[in-house]
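These notes concern the structure reproduced below.
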Amino acid sequence: MFVLHDVQVNEEEASLFDVLWLLLASVVFVPVFQKIPGGSPVLGYLAAGVLIGPHSLHIIRNVHGTKAIAEFGVVFLLFNIGLELSVERLSSMRKYVFGFGSSQVLATALASGLFAYYVSGLTLPAAIVIGNGLALSSTAVVLQVLQERGESTSRHGRSAFSVLLFQDLAVVVLLILIPLLSPNSSRGGAGLNAIAEALGIAAVKGVIAISGIIAGGRLLLRPIYRSMAENHNAEIFAANTLLVVLGTSVLTARAGLSMALGAFLAGLLLSETEFALQVESDIAPYRGLLLGLFFMTVGMSIDPQLFLAKSNIILGSLALLIVGKAMLIACLGRQFGLSSVAALRTGLLLAPGGEFAFVAFGEAVNQGIMSQQLSSLMFLIVGLSMALTPWLAAAGQIISTKFDQQDVRSLLPAENETDDLEGHMIVCGFGRVGQIISQMLSERLIPFVALDVRSERVSMGRALDLPVYFGDAGSKEVLHKLGADRAAAAVITLDTPGANYRAVWALSKYFPKVKTYVRAHDVDHGINLEKAGATAVVPETLEPSLQLAAAVLAEAKLPASEIASTINEFRSRHLAELTELTKKSGTSLGYGFSQNVGAKPKQSSAGKSEDDGSPDRRFEGVIAVP
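For the sequence shown, full-length UniProt numbering assigns the number 1 to the initial residue and increments by one for each residue that follows.
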């Protein structure tokens with residue numbers, strides 16, 4: 001009995017030391033790799049995993065347990081992505097999810113499988129598993145790199161995410177096929193009847209699980225979260241979020257789908273509620289820690305000794321995988337309307353292998369399809385390719401900058417370049433105000449396109465990989481190319497009163513469903529803008545003046561509540577005076593948000609002057625479109 005107790009204590013101490021080593025490695029390696037040009041925290045985690053893993057210093061003892069916990073990092077990442085999307089935006093991406101995604105998986109699996117069978121001389125079942133495994137990319141690494149670089153809403157970022165979503169569905173088919181390909185399969189190998197039966201059962205279970213999550217989520221999530229919020233208990237609210245994430249993940253896992261897919265669906269449903277921001281804040285610590293742990297476990301799968309022993313084979317296979325897969329995806333991207341640069345950047349992001357390849361190859365070893373030596377070799381190739389993802393993304397940006405700055409024609413929107421956008425925002429003017437609004441839209445994964453007639457501004461936006469185009473906001477043809485007939489709203493922050501007026505007039509005449517939010521240079525300009533059809537006009541100097549006044553009142557030791565009431569009272573009185581002026585001028589619309597869209601006075605900051613220092617409230621006004 002005492003011996004058993006000592007064993008339990010030793011196991012607990014070993015687990016504690018494993019955690020300490022993991023934390024120490026991340027604290028040391030991540031800052032170092034962030035300072036490397038083109039580096040990324042992902043590389044720091046991978047390097048830390050290689051060093052403390054079983055193939056190097058062998059510091060981590062319970063590798064299997066660590067990997068089991070680390071898988072939740074991908075779960076929380078996909079949940080967070082779902083929170084930042086919406087059902088409408090996901091629906092607008094269906095051409096890329098099911099069209100581009102399915103084409104990429106099938107074409108890459110076929111090319112890789114044929115190479116493995118005819119050139120490498122592997123058996124047909126092994127070639128099928130390797131082909132399908134290499135067709136997958138790393139959802140965790142690619143999305144993390146896109147978020148770090150602020151490229152999630154770029155054209156290549158949206159297309160890469162769409163393909164990754166389909167790949168998560170394709171994993172289900174691959175994991176069903178592997179047991180059927182086993183020479184020990186009780187169903188007679190890979191017979192068509194056996195495969196069709198297994199896939200049919202899996203499809204039914206998947207449809208039931210997904211339908212149950214969507215139906216239950218729409219009916220129950222909002223009232224449950226409202227009840228949690230009324231208790232005013234932050235801990236219970238956070239616990240409820242963990243229950244939703246893990247519960248939906250387990251449900252889809254039991255249905256034969258990936259846990260990450262269930263978490264994504266839960267996040268997608270929660271994004272439609274008013275609790276999305278608080279939920280995102282609650283899961284941020286778990287997501288960051290677990291995702292870092294996941295990257296470390298990927299690093300633990302890399303065997304440096306095997307790399308040294310077979311470096312020629314590994315480097316050749318790695319180069320063939322990256323170059324071949326990138327070119328294949330780029331060619332497919334062109335067929336689905338991507339520009340050459342966007343297609344190539346998508347290919348570079350998706351060229352490396354993914355985390356599900358480790359699962360597929362490990363299961364293939366258990367089923368007797370692949371040898372342990374071949375599996376270890378494939379683990380190393382996939383792991384190294386994943387480590388290259390941040391540098392491949394940086395190379396894509398260099399290529400984009402080089403080609404986009406050749407001439408103005410490359411800055412013009414292509415005819416089909418915005419076909420996947422629907423319900424998006426159009427930012428007319430990429431000056432200081434337009435840049436701030438665009439950055440905020442990008443950070444919140446809200447789809448948008450920006451427009452300016454100064455090529456240096458457009459080139460600067462392209463260098464940051466924002467969807468900025470060269471063109472006149474008063475042109476019907478240019479607005480049509482930006483998908484104005486499908487847009488939700490336009491924010492007009494052009495440099496001159498005449499340009500603002502022309503843009504409002506064109507949008508009102510040719511695209512009347514688009515709401516227009518515009519800043520006015522003075523009262524007369526505001527009256528003219530409302531006559532032209534602006535949804536809301538915001539004074540250029542009002543909000544900066546009120547913010548400076550608030551700072552002075554705070555320095556005078558006035559209470560915060562009194563400052564807020566004073567500022568709000570002045571704002572309301574000022575807007576009322578301007579409204580009276582517009583009535584005298586014969587216009588029927590008011591001047592400011594409170595008169596036109598029924599928002600609270602504080603939202604009139606949506607179009608402050610370019611010297612405004614409070615982008616958050618301006619952004620709130622812009623996206624609060626019914």
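Ideal placement from N, C-alpha and C gives every residue a C-beta, glycine not left out.
Which of the three DSSP states, helix, strand or coil, is assigned to residue i?
i	result
V538	strand
T493	coil
K515	strand
M93	coil
I224	helix
V468	strand
V453	coil
L20	helix
I426	strand
F448	strand
A520	strand
residue 670	The question about residue 670 has no answer here: the residues shown for the chain are numbered 1 through 626.
F98	helix
L243	helix
R287	helix
E274	coil
R61	coil
F336	coil
Q372	helix
A351	coil
D168	helix
I213	helix
Y591	Note that Y591 scores a pLDDT of 38, beneath 50, so its modelled location is shaky and nothing firm can be said.
G396	helix
N568	helix
D303	coil
L257	coil
N80	helix
residue 648	The question about residue 648 has no answer here: the residues shown for the chain are numbered 1 through 626.
I623	Only weak support is given to the placement of I623: the predicted model assigns it a pLDDT of 28, under 50, and the question is left unresolved by the model.
L46	helix
Measure the alpha-carbon distance for residue i versus residue j and round it to whole angstroms.
i	j	result
G206	V279	26 Å
P304	K35	24 Å
I369	L134	16 Å
Q405	I446	Summary for Q405: the model assigns pLDDT 48, below 50, so the residue's position carries little reliability, and this model does not support an answer.
N596	A520	Residue placement at N596 is poorly supported in this model, since its pLDDT is 36, which falls under 50; the coordinates are not used for a value here.
R409	V458	Confidence in R409 is poor, its pLDDT being 48 and thus under 50, which makes the residue's placement unreliable; the coordinate value appears in the next sentence. The alpha-carbon atoms of R409 and V458 are separated by roughly 12 Å.
L293	G150	22 Å
A276	G316	46 Å
R287	I81	11 Å
M251	L464	For the record, residue 251 in the displayed sequence is Leu; it is not Met. So the two alpha carbons sit approximately 40 Å from each other.
L20	V63	14 Å
S604	E562	For S604, the predicted model reports a pLDDT of 34, less than 50, meaning its position is unreliable; a value from the coordinates is still stated below. C-alpha separation (whole angstroms): 20 Å.
L338	G396	14 Å
L169	G262	11 Å
F17	A25	12 Å
F29	L349	23 Å
A330	I426	27 Å
T66	K481	50 Å
L114	V105	14 Å
H156	V142	11 Å
A260	S375	24 Å
Q147	A140	11 Å
residue 627	V504	Lying outside 1 to 626, the shown extent of the chain, residue 627 is not represented and no answer is given.
T248	A266	7 Å
Applying the criterion that 16 or more other CB atoms from any shown protein chain within 10 Å of the CB defines a buried residue, is residue i buried or exposed?
i	result
T389	buried
Q373	exposed
T297	buried
Y118	exposed
S340	exposed
L23	exposed
R345	buried
L124	exposed
R432	exposed
A551	exposed
Is residue i near the ligand NAD, going by C-beta to nearest heavy atom under 7 Å?
i	result
S400	The model on display carries no ligand, and the ligand NAD is accordingly not part of it.
>> Give the list of continuous alpha helix (DSSP H) stretches no shorter than 4 residues that lie fully inside the region 110-161.
In response: You should have 124-135, 139-149.
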